[in-house]
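Heads up, the thing below is written out as structure tokens.
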DNA sequence: TTGTACGCGTTATCAT
DNA sequence: ATGATAACGCGTACAA
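Residue numbers (the working numbering), protein chains in the order written: chain G, 55 to 406; chain X, 55 to 406.
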């Protein structure tokens, strides 16, 4: 059933080495011979066996991106940037979805390492997982995407999440809000921690007490978590209920928006909402969503570039930390002045 | 640098065969010996070489899903169903994004075949591509997802798109619409063709002329295509402008919604919109979107089930065509009676 | 162009 | 239960 180079060689009446040359150094083979070999390949339906090739080469020509959550458009956009860069470099990129679950992340890491991929891009559930260190030590190039690690032995691309948090809450404070909720979790997640820290920073910078940041923790970062958080907030007594919510990502914010409206809250009059990521769906939400924009495709391209650089430079590679700046996009969900559905031009706000 | 079974054997003071037994038949090894070997593996950082293992085994333990468009949540939800089924069967699933481009699809198909994956799931750009036939003949199990093929030599899972089209346009006709546009493309795409055919069917069943279905072709199936289609429709003279649009998917519909509103059209009063897929974001759109729901995760699980069945049953496998029924979810974008933002309960409509 | 050693884990055989 | 050893799978690269 399986057709090997040997079969091709017999069929074409040449030696095994010649078939290999046709595959890898076609210019070393006389045109007539080459054509005979290629014809034999077509006739027999020869398909190169990557395992055998890799076994010899030591490494595959494939990279993997382990996504935090494939159902979040933010990560598919990041992946799309990577794909573009990988394709340009002739590397195939496989996408793996850890779905925020450490076991799945672990399983994919093992698979990719066992497959001797040339590099792994990952948005880890837990960036401090010792497994990541082990893999680096054993020689697999690894780039951390949309997270950072404290130590310097890592390439990473990230966005300044603390700044993002400051932008978001700074904007809400400017809008006159004094009781602001932060929705996100689990708290161990780097982005959650940093975005929350930025929020807290903006609050104390404005002379407010830390207690004015109402924590509404969530189990994960999906739409469902926003729905349940909305119920908890809507259930608070009006006198102490936050007048604004800063959500750790847009999925949570969209869930929050949907459920708060269903529960009779007016957005932004009763509750202003700010999301994070500025995924495409944020602009077309029931009330267009104010959000902190991250350069998604760029993030992906930068990550791919880093891993390719690490491959080229080998041992004497300098680890690089690329940090992008986020940008606040103001829309109707946080701003009375743009709340009319007819004049929904987003505005960009800078941190003063 | 690279640690092989041989190194492990030396370190543990056992023979090579024993190490192999620990890896593949742990019950054949005395507990004490097993632990010594496992400790040696940990100490040395041994990582099994998949290439070598596959080379011997003939096949890998991996499947791939080639997605039509990873930025469309419909496909990530399908993928999520597959992941669940694959995980349960101990198979890893790699996601590949063809991004609607035939070259990329082709490249990924080759990669996967060369990697001797145990099966390929694919939502093809062109289901009639001869490459698919060749791969089947050469022995790679293949399941077509969200598409069908005319011949019977294929496993496929799909949703009855013609029924979906009938449901959508039947609903608009019931709402009193008589000039209805169909937005989608390219026309060669199976779903586009079938959904359009269903639309046409509903129209002629109602005694209308085929010409009353206004074709607004699009280049692809993304949000951007909806934006430009909205401009073309808004630019038509009011007297002949369609009063309703049926979009071939929700991304187009969301783009359509966003741009039409920006251009001053009221939804649904000036223009009713119906989408397709019922992705999660459809419900939280600026005007909640009426859409034809497909059982996304189920579709993925069924596809994974089929490919696993084909593996088990080997040569005497009966190809199966699983077809699901779509369901119309009525929301404000097509229905005055639910247009108030406070009472946005979706209704389910059946085809009479 | 050809012949052949090589990479590495798996499996089987014979022996202990 | 374990040891020692060799054949195997298949594409690659290099010396001849």
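A virtual CB, placed ideally from N, CA and C, is assigned to each residue, including glycine.
Here the structure is a predicted model, which is why all the values come from computation and not from measurement.
- Look at the segment 269-287 of chain G: the residues with a C-beta under 8 Å from a C-beta of chain X are 277.
- DSSP places residue 354(G) in the helix class (H, G or I) of the three-state scheme.
- Taking the Cβ atoms as the reference, residue 152(G) lies roughly 7 Å from residue 121(G), within the contact range of under 8 Å.
- DSSP links residue 234(X) through a beta bridge to 267(X) and 298(X).
- The DSSP-derived three-state label of residue 198(X) is strand.
- Among the residues facing chain G, residue 131(X) is included, as its CB has a counterpart in that chain under 8 Å away.
- By the C-beta criterion, the segment 55-69 of chain X is judged not to be in contact with the segment 233-250 of chain G, since fewer than 3 inter-stretch pairs fall below 8 Å.
- Looking at the DSSP output, residue 212(G) sits in a beta bridge with 377(G).
- Among the residues of chain X, those whose CB is under 9 Å from the CB of residue 308(G) are 334, 335 and 338, following chain order.
- Look at residue 391(G) here: in three-state DSSP terms it is helix.
- Between residue 150(G) and the set 143(G), 158(G) and 144(G), the nearest pair of CA atoms involves 158(G).
- Under the three-state reduction of DSSP, residue 143(X) is assigned to coil, being neither helix nor strand.
- Three or more Cβ pairs drawn from the segment 95-111 of chain G and the segment 59-66 of chain G lie within less than 8 Å of each other, which places the two stretches in contact.
- Residue state for residue 77(G) is assigned as helix, using DSSP reduced to three classes.
- One finds nothing in chain X with a Cβ atom closer than 8 Å to the Cβ of residue 65(G); even the nearest lies about 16 Å away.
- Under the Cβ criterion (8 Å, minimum of three pairs), the segment 137-144 of chain G counts as touching the segment 345-357 of chain G.
- Residue 291(G) and residue 363(X) have their C-alpha atoms roughly 55 Å apart.
- Residue state for residue 248(G) is assigned as helix, using DSSP reduced to three classes.
- If one requires a minimum length of 3 residues, the beta strand (DSSP E) runs lying completely within the segment 286-338 of chain G are 298-301 and 326-331, in chain order.
- Per DSSP, residue 116(X) is one residue of the beta strand (DSSP E) stretching across 116-121.
- In the three-state reduction of the DSSP assignment, residue 128(X) falls in the helix class, which pools H, G and I.
- When the five nearest sequence neighbours on each side are left out, the beta carbons in the same chain lying within less than 8 Å of the beta carbon of residue 133(G) are those of 119, 121, 147, 149 and 354, in order along the chain.
- Secondary structure of residue 163(X) (DSSP, three-state): helix.
- The bridge partners DSSP lists for residue 151(G) are 121(G).
- Taken through DSSP and simplified to helix, strand or coil, residue 175(G) comes out as strand.
- With fewer than 16 other Cβ atoms inside 10 Å of its own Cβ, residue 111(X) counts as exposed.
- With contacts defined as CB atoms closer than 8 Å, residue 309(G) and residue 267(G) fail to qualify as a contacting pair.
- Interface criterion not met: the Cβ of residue 352(X) is under 8 Å from no Cβ in chain G.
- Against chain X, the CB of residue 167(G) has a partner CB under 8 Å away; the residue lies at that interface.
- Those residues of the segment 369-382 of chain X placed with their C-beta closer than 8 Å to a C-beta in chain G do not exist.
- At the C-beta level, residue 275(X) and residue 321(X) stay beyond 8 Å of one another.
- With 16 or more other Cβ atoms inside 10 Å of its own Cβ, residue 284(X) counts as buried.
- For residue 109(G), the uninterrupted alpha helix (DSSP H) run begins and ends at 104-111, by DSSP.
- Within the segment 78-106 of chain X, the residues whose Cβ lies closer than 8 Å to some Cβ of chain G are 99, 101, 102, 103, 104, 105 and 106, listed in chain order.
- Interface annotation, residue 170(X): in contact with chain G, CB-CB separation under 8 Å.
- For the pair residue 218(X) and residue 380(X), the CB atoms are nearer than the 8 Å cut-off.
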